[in-house]
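Trainee: First the structure, then my questions, so here it is.
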Amino acid sequence: MKYLFFFVFLAFIGCNKTKVESENLETKKVPYKEFLVSINKKSEEEKKKYLFTFINYDVPNYWASTPWSFNGTSREPQKGTIACGYFVTNTLTDFGFDINRTYLAQQASSVMIKKLCKDIKYFSKRQDLDKYILTKDKNQVYIVGLDFHTGFITRENKDTYFIHSNYIKNKGVVKELTQTSQALNASKTFMIGTLNY
């Protein structure tokens with residue numbers, strides 16, 4: 413009986429320790445600029461492998477809820493505002509893409525896609541866009557151009573996400589399922605390309 417109590421006590425301490433450690437990990441997020449230094453220390457091969465993680469997880473985690481505005485050009489998450497084109501080009505520049513981010517952010521999304529992507533496709537139905545992505549390899553990053561908007565699309569298993577600076581109600585940066593994205597579903601045209609690094 414004494415030993416049983418001892419093991420229960422140890423298990424309780426272990427559970428609480430794990431909980432505290434996980435909470436600390438969440439609250440100890442590395443500042444964005446420091447995080448970018450660690451990214452840019454990676455070799456080109458490491459960066460190529462890390463690109464999906466950066467766009468699909470890191471960018472939304474840092475930039476989430478940074479407000480949208482038509483003239484937004486923020487270079488740092490949670491400070492100022494960010495337009496959709498600048499959101500794409502600024503984060504790609506942060507990762508290490510050697511691009512004219514200001515020029516590309518101010519052009520039609522087709523210009524940016526033709527400059528940065530391969531395997532470019534056009535669709536007139538969002539469902540066809542989803543079907544196309546699901547035929548491609550997982551863990552790919554795409555840039556999508558809509559009637560008047562742009563952002564990233566990623567695929568995790570069978571789920572596809574639209575990561576963008578959402579103009580609807582100036583909501584700002586979000587990661588949302590393509591199926592339920594108001595901005596994506598409002599478009600009549602879709603141009604998509606696989607991001608080339």
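Sequential numbering of the sequence shown, starting at 413, is according to this note's numbering. For every residue, glycine included, the Cβ atom is placed at its ideal position computed from N, Cα and C.
#1: Would you list the residues sitting across from Leu607 in a DSSP beta bridge?
#2: Thr601 by DSSP, collapsed to three states: which one?
#3: With a threshold of 8 Å, are at least 3 pairs of Cβ atoms found where one atom belongs to the region 467–478 and the other to the region 534–542?
#4: Once the 5 residues before and after Asn452 are set aside, which same chain residues still bring their CB inside 6 Å of it?
#5: Would you call Gly492 buried or exposed, if buried means 16 or more other Cβ atoms sit within 10 Å of its Cβ?
#6: Which same chain residues, not among the five before or five after Ile604, have their C-beta less than 6 Å away from its C-beta?
#7: Val586: which of Arg567, Asn608, Thr601 and Gly563 sits nearest, CA to CA?
#8: In the DSSP output, what is Glu568 paired with across the bridge?
#9: By the 10 Å Cβ neighbour count, where 16 or more other Cβ atoms means buried, how is Tyr474 classified, buried or exposed?
#10: So what does DSSP say about Leu589, is it helix, strand or coil?
#11: Closest to Lys445 by CA distance: which of Tyr573, Thr505 and Met524 is it?
#12: Pick helix, strand or coil for Asn502, following the three-state DSSP scheme.
Mentor: To lay it out plainly:
#1: For the purposes of this step, residue 607 is taken as the residue at position 195 of the sequence shown. BP columns for Leu607 point to Cys529.
#2: Against the sequence shown, residue 601 aligns to sequence position 189. Look at Thr601 here: in three-state DSSP terms it is coil, with no helix or strand label.
#3: no
#4: For the purposes of this step, residue 452 is taken as residue 40 along the sequence shown, with counting starting at 1. Excluding positions up to five away in sequence, the list reads Gly508.
#5: For the purposes of this step, residue 492 is taken as the residue at position 80 of the sequence shown. That one is exposed.
#6: Your numbering for residue 604 matches position 192 in the sequence shown. So the qualifying residues of the chain are Lys533, Tyr554 and Val556.
#7: On the sequence shown, position 174 is the one that residue 586 refers to. Out of Arg567, Asn608, Thr601 and Gly563, Gly563 has the C-alpha closest to the C-alpha of Val586.
#8: As a first step, residue 568 must be located in the sequence shown, where it is residue number 156. According to DSSP, Glu568 bridges with Asp571.
#9: Here residue 474 refers to the residue found at position 62 when the sequence shown is read from its first residue. Under this definition Tyr474 is a buried residue.
#10: The residue labelled residue 589 in the question sits at position 177 within the sequence shown. Strand.
#11: As a position in the sequence shown, residue 445 is number 33, starting the count at 1. Among Tyr573, Thr505 and Met524, the Cα nearest to that of Lys445 is on Thr505.
#12: For this step, residue 502 is matched to residue 90 along the sequence shown. Asn502: helix per DSSP, three-state reduction.
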